[in-house]
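This report concerns only the one structure given below.
Numbering (my numbering), first residue to last: 8 to 266.
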């Protein structure tokens, strides 16, 4: 017969500690792994100005406008109405040069010839022509381009130039939104802004701003400039090309930027 002696309190605590430690180690091994959260590239977050590759902040609520997508120089795809109305261009005053006065003294008559007539006054200088708009375009789209360059100059950015393929893409999109009564950077078929720009023949899409309801270039630019996402697109110094489209039926405006 085997007789078990009493177990000391210290021994019992040691065994309990060993059992507990073993359980903790085993549990950690069984649950081994890491949890990571990633962002899906290319996801459009909110209604911010679309940019490639950067995503702009959300749309302002002050008017019906949406920002555009942006694309990096390599072309991987990822925005409001404007700041205060631009002051109208003033016509420069005409030259102040006075017309030359003919000599008041008649030439002394010659003993053998008749006196010569006084010299004919010179023609007054023509008034200077008023300076043209930034691209010579006084259309609604041309006025938007001029207002964009005014804001960029304030921010220290170079002027954008009007690009025909971007203008074609922007005009098509404004007309399409008007004809089919939608307001989005993506068509009902799922065509994105950068795809639309490439389809129009421009290979380096950058960003897009759209707006609805404003009836003048000044109002539209104020809406865009009051929205951080759209303003970011307008003042992105890396974007050097711009095309603007306007559909007056519904007043839908599109800015398509390119690198």
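For glycine and all other residues, C-beta sits at the position ideal for the given N, C-alpha and C. Please read all numbers here as calculations on a predicted model, not as lab measurements.
Range of the contiguous beta strand (DSSP E) that encloses residue i
{"i": "residue 263", "result": "259-265"}
{"i": "residue 267", "result": "Because the chain here runs from 8 to 266, residue 267 falls outside it and cannot be looked at."}
{"i": "residue 213", "result": "212-219"}
Residue i: first and last residue of the uninterrupted alpha helix (DSSP H) it sits in
{"i": "residue 177", "result": "171-187"}
{"i": "residue 252", "result": "Run containing residue 252: none in the alpha helix (DSSP H); it sits in the beta strand (DSSP E), 248-254."}
{"i": "residue 236", "result": "235-241"}
{"i": "residue 200", "result": "200-206"}
{"i": "residue 225", "result": "224-232"}
Residue closest to residue i, alpha-carbon to alpha-carbon, out of the options
{"i": "residue 232", "options": "149, 166 and 162", "result": "162"}
{"i": "residue 242", "options": "209, 148 and 167", "result": "167"}
{"i": "residue 206", "options": "174, 187 and 185", "result": "174"}
{"i": "residue 246", "options": "151, 160 and 165", "result": "165"}
{"i": "residue 157", "options": "250, 178 and 225", "result": "225"}
{"i": "residue 160", "options": "244, 178 and 250", "result": "244"}
{"i": "residue 178", "options": "197, 240, 204 and 188", "result": "204"}
Whole-number beta carbon distance between residue j and residue i, since they are thought to touch under 8 Å
{"i": "residue 194", "j": "residue 183", "result": "7 Å"}
{"i": "residue 176", "j": "residue 256", "result": "19 Å between Cβ atoms; not a contact."}
{"i": "residue 169", "j": "residue 152", "result": "5 Å"}
{"i": "residue 227", "j": "residue 221", "result": "4 Å"}
Close beta carbons around residue i, own chain, < 7 Å, minus the five adjacent residues each side
{"i": "residue 253", "result": "147, 148, 181 and 260"}
{"i": "residue 94", "result": "Any reading at residue 94 is ruled out, since the residue's pLDDT is 38, under 50, leaving its predicted position unreliable."}
Cβ neighbours of residue i in the same chain (closer than 6 Å, five flanking residues each side left out)
{"i": "residue 209", "result": "172, 173 and 265"}
{"i": "residue 185", "result": "254, 256, 257 and 259"}
{"i": "residue 202", "result": "none"}
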